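Asks: Residues 10 to 96 in the working numbering are what the sequence shown spells out, letter by letter.
Beta carbons are placed, not taken as given, at the ideal position from N, Cα and C, and that holds for glycine.
Fair warning: this is a prediction, and the values are worked out from it, not measured in the lab.
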Amino acid sequence: RDVATGKMTLHTAIEADNPTTRSNDSRVHPCGAFWVGTMGKGEAKAAGSIYWFFRGELRRLYSDITVSNSICFSEDGTVAHYTDTST
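1) Rounded to the nearest angstrom, how far is the Cβ of R31 from that of W44, given a contact under 8 Å?
2) Closest by CA to K77, which one among D85, E52, F62, K16?
3) Please list, in chain order, all residues of the same chain as A89 whose beta carbon is under 6 Å from its beta carbon, the five residues on each side excluded.
4) To which residues of the same chain is D93 closer than 7 Å at the C-beta, ignoring the five residues directly before and after it?
5) Taking DSSP's pairing of strands, which residues face R64 in a bridge?
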């Protein structure tokens, strides 16, 4: 979002080729990388993934996730945790 004008523009498309998923949870890693999880819009089993975005590069880290939640990191950033809260 441009703070001066309020205009929003797409920065990075995540799973733009898959209309059945959406982003769900995210967190910034201690190094500044952005981690974001996706899920199926109807909580479809194993439809989601967790991605890492850093310095213009988007990378899928984990797949076959139903509902990613609670992405968090150890204080030194060497360990990541998340929960798959499928219902």
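Replies: If we stick to the structure as given:
1) Actually they are not in contact, since the Cβ atoms of R31 and W44 sit about 16 Å apart, beyond 8 Å.
2) In the sequence as presented, Lys is not what sits at residue 77; that position holds Ser. Of the candidates D85, E52, F62, K16, the one whose C-alpha sits nearest the C-alpha of S77 is E52.
3) F82
4) Once the five neighbours on either side are set aside, the close Cβ partners of D93 are I74, T75, V76, S77.
5) R64 is not bridged to any residue.
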